[in-house]
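What follows is a short report on a single structure.
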Amino acid sequence: GAGVSQSPSNKVTEKGKDVELRCDPISGHTALYWYRQSLGQGLEFLIYFQGNSAPDKSGLPSDRFSAERTGGSVSTLTIQRTQQEDSAVYLCASSLRLHQETQYFGPGTRLLVL
Amino acid sequence: KNQVEQSPQSLIILEGKNCTLQCNYTVSPFSNLRWYKQDTGRGPVSLTIMTFSENTKSNGRYTATLDADTKQSSLHITASQLSDSASYICVVSGQAGTALIFGKGTTLSVSS
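Here the protein sequences line up with chains B and V, keeping their order. Residue numbering for the first sequence follows the working numbering, beginning at 92 and increasing consecutively. Residue numbering for the second sequence follows the working numbering, beginning at 107 and increasing consecutively.
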């Protein structure tokens, strides 16, 4: 596609449930990034992928968060046993190369945990 | 500690007026600095990207400046329009292989 796409655009879930967020980057972009943006806060870096590998997972807020990328394209961010503090907008971005190129952001997934 | 500080936190201006947003950073070593515009409910969109050797870069009515010695950048918006109402985010990149450091953004409201 022409840009980064994310699904679902909105997700409402109950506390304790698992959720899976999907990101489809721009074709040919080797780097993919996940960010979280809580209401009124700046962007919080979660994890990045170079190809299929994620060398630095230290940005993930807890072990309930995991992410994978297969085939060097689509990535999924999974949050297990969701908590109310997980409510935020989860943004995905991709770039041609890691870190040094302009990142193109998707529209985000708005997650609300009740 | 690598940090990016933006000021003001929020700003209200009248349509047609100019404004300047500030970004100070402590990221070292430094590779590049970007300004993003984020409309409400949308993902950020890149406005400019500057390396340490560039002092200024323009994108239409947006002009970014960079002083790598003082570690300061500014984003100047000329003849503001209602559509400029958004959050403007300053992002700094260190050496290759390091994650980007995001500022918390300046929320600009342009009123008629």
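Idealized CB from N, CA, C, for every residue including glycine. For clarity, every value in this text was computed on a predicted model and none was experimentally measured.
Considering only the alpha carbon of each residue, which of the options lies closest to residue i?
i               : options                        : result
L151 of chain B : B:G162, B:G163, B:V165, B:D177 : B:D177
M156 of chain V : V:G147, V:L181, V:D145         : V:L181
S185 of chain B : B:G199, B:Q175, B:T173         : B:G199
V180 of chain B : B:G107, B:G94, B:T121, B:W125  : B:W125
G163 of chain B : B:Q141, B:L182, B:C183, B:L189 : B:Q141
Q175 of chain B : B:R113, B:V95, B:P99, B:V103   : B:V103
S98 of chain B  : B:V165, B:T193, B:D154, B:S144 : B:V165
N108 of chain V : V:I118, V:S137, V:N124, V:D190 : V:S137
G94 of chain B  : B:L202, B:Y195, B:D147         : B:Y195
T167 of chain B : B:E135, B:F156, B:C114         : B:C114
Y139 of chain B : B:K106, B:G131, B:H120         : B:H120
Y168 of chain V : V:S199, V:K210, V:V198, V:S186 : V:S186
C183 of chain B : B:L123, B:S100, B:G107         : B:L123
K208 of chain B : B:T169, B:T161, B:L134, B:A145 : Outside the modelled stretch of chain B, which goes from 92 to 205, sits residue 208 of chain B, for which no answer is possible.
R148 of chain V : B:N101, B:D147, B:S157, B:S118 : B:N101
T161 of chain B : B:A145, B:R172, B:L130         : B:A145
T173 of chain B : B:D147, B:T193, B:A158, B:L205 : B:L205
N124 of chain V : V:I183, V:T213, V:Q115         : V:I183
G131 of chain B : V:I207, V:E111, V:Q115         : V:Q115
S96 of chain B  : B:L112, B:G197, B:Q171, B:L134 : B:G197
D160 of chain V : V:F208, V:L139, V:G209         : This sequence places Glu at residue 160 of chain V; Asp is not what is there. Here the closest residue by C-alpha is V:L139.
Would you verify that the beta carbon of residue i is, or is not, closer than 8 Å to some beta carbon of chain V?
i               : result
Q132 of chain B : yes
F196 of chain B : yes
G199 of chain B : yes
L202 of chain B : no
L182 of chain B : yes
T193 of chain B : yes
F136 of chain B : yes
Using beta carbons (cut-off 8 Å, strictly below), is residue i in contact with chain B?
i               : result
F158 of chain V : no
L214 of chain V : no
G149 of chain V : yes
I119 of chain V : no
G122 of chain V : no
F208 of chain V : yes
G166 of chain V : no
S218 of chain V : no
S152 of chain V : yes
Quick one: using the 10 Å Cβ neighbour count with 16 as the cut-off for buried, is residue i buried or exposed?
i               : result
Q201 of chain V : exposed
I118 of chain V : exposed
P116 of chain B : buried
T146 of chain V : exposed
D190 of chain V : buried
K79 of chain B  : With chain B covering 92 to 205 only, the question about residue 79 of chain B has no answer from this structure.
G211 of chain V : buried
Could you tell me how far apart the beta carbons of residue i and residue j are, in whole angstroms, since I believe they sit closer than 8 Å?
i               : j               : result
S218 of chain V : E121 of chain V : 5 Å
N130 of chain V : K177 of chain V : 6 Å
C196 of chain V : S215 of chain V : The pair is not a contact, with the Cβ atoms about 18 Å apart (cut-off 8 Å).
V133 of chain V : V198 of chain V : 4 Å
W141 of chain V : A170 of chain V : 5 Å
In chain order, which continuous runs of the beta strand (DSSP E) of length 3 or greater are located wholly inside the segment 157 to 182 of chain B?
166 to 170
As an exercise, report each continuous beta strand (DSSP E) stretch of at least 3 residues that is fully enclosed by the segment 114 to 162 of chain B, in chain order.
122 to 128, 134 to 141, 156 to 160
May I have a chain-ordered list of the beta strand (DSSP E) segments no shorter than 3 residues that lie completely inside the segment 118 to 206 of chain V?
125 to 131, 138 to 144, 151 to 157, 162 to 165, 168 to 173, 178 to 183, 192 to 199
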